[in-house]
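Protein chains in written order, with our numbering: chain B, 44 to 125; chain G, 393 to 605.
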């Protein structure tokens, strides 16, 4: 990740901890957000999409599953659409 | 020129769909003789004056037309699965009436944006939280998307029960419950908090389902 993506990743982690109640110490850039990783589901993704839209003005409506894989992929998606 | 013809054709189709809908509404009222029961009389006025999220049981494909036809005074947008929305036989109608497509197999939040827009326009949204037909006499498992919609819009959630089996010339009953008492803004992970909310909603709907006249 480049410098801009790292900054975005840090902000995304803050947002996820605040809005989804994830413990900060387990949320790394690489850990999968869904399934065996953090264990989020599609309902949590709605909150995540709303938080990202509000913070960065990036709409993730209709986006496939790939950008939601982990914080790194989210940061890369946001950085390329900001 | 072509654009003009296309636009005129769209307007014509929209007009045609509305006429078909009006005739269908008359047939519904004749064939199913709907009986609407309000558990809370204040909800009747609320439905006609403020946007609400209506969460209903789903025992027949008729539900998606019956409920908006019965509650015709309340402009309703119906959330329908993409599988049905995209069927050629129905898509022309869904596109020209107030139907919102939901893709249950993807993480797309398009439906929630459309439903939010409808609520902000002052229209209500009807959703079947089971996401499929449940014909075993239970409500099935309820999915919490409708509560997320309530969280994003602050619209009240009103439970509905349609019962009677859609038998011609027998009364089909629509029970309208009181607003679900659950704080959708409760702190915590939405997938956990909203599941608690669906349980609250389910209990209330089960009481309505088993209500004696």
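Cβ coordinates follow ideal geometry from the N, Cα and C atoms, glycine included. For clarity, every value in this text was computed on a predicted model and none was experimentally measured.
{"Asked": "Contacting residues, own chain, Cβ-Cβ under 6 angstroms from residue 423 (chain G) (five flanking each side not counted)", "Found": "560"}
{"Asked": "Any chain B beta carbon closer than 8 angstroms to residue 485 (chain G)", "Found": "no"}
{"Asked": "Enclosing alpha helix (DSSP H) for residue 397 (chain G) [first to last residue]", "Found": "394-424"}
{"Asked": "Closer than 8 angstroms to chain B by CB, residue 532 (chain G)", "Found": "no"}
{"Asked": "Residue 473 (chain G) - DSSP class collapsed to helix/strand/coil", "Found": "strand"}
{"Asked": "Cβ-based neighbour list, residue 73 (chain B), same chain, cut-off 7 angstroms, excluding 5 preceding and 5 following", "Found": "113 and 115"}
{"Asked": "Same chain, Cβ closer than 7 angstroms to residue 496 (chain G), neighbours up to 5 away in sequence not counted", "Found": "473 and 523"}
{"Asked": "As assigned by DSSP and simplified to three states, the class of residue 501 (chain G)", "Found": "coil"}
{"Asked": "Anticipated Cβ contact below 8 angstroms, residue 65 (chain B) with residue 81 (chain B), distance rounded", "Found": "6 angstroms"}
{"Asked": "Stretch pair the region 524-533 of chain G + the region 449-457 of chain G: three plus CB contacts closer than 8 angstroms", "Found": "yes"}
{"Asked": "Beta-carbon separation (whole angstroms), residue 63 (chain B) vs residue 90 (chain B), contact threshold 8 angstroms", "Found": "6 angstroms"}
{"Asked": "Spatial distance of residue 518 (chain G) from residue 44 (chain B) (CA atoms)", "Found": "43 angstroms"}
{"Asked": "Any chain G beta carbon closer than 8 angstroms to residue 90 (chain B)", "Found": "yes"}
{"Asked": "Buried/exposed call for residue 408 (chain G), threshold 16 Cβ in 10 Å", "Found": "exposed"}
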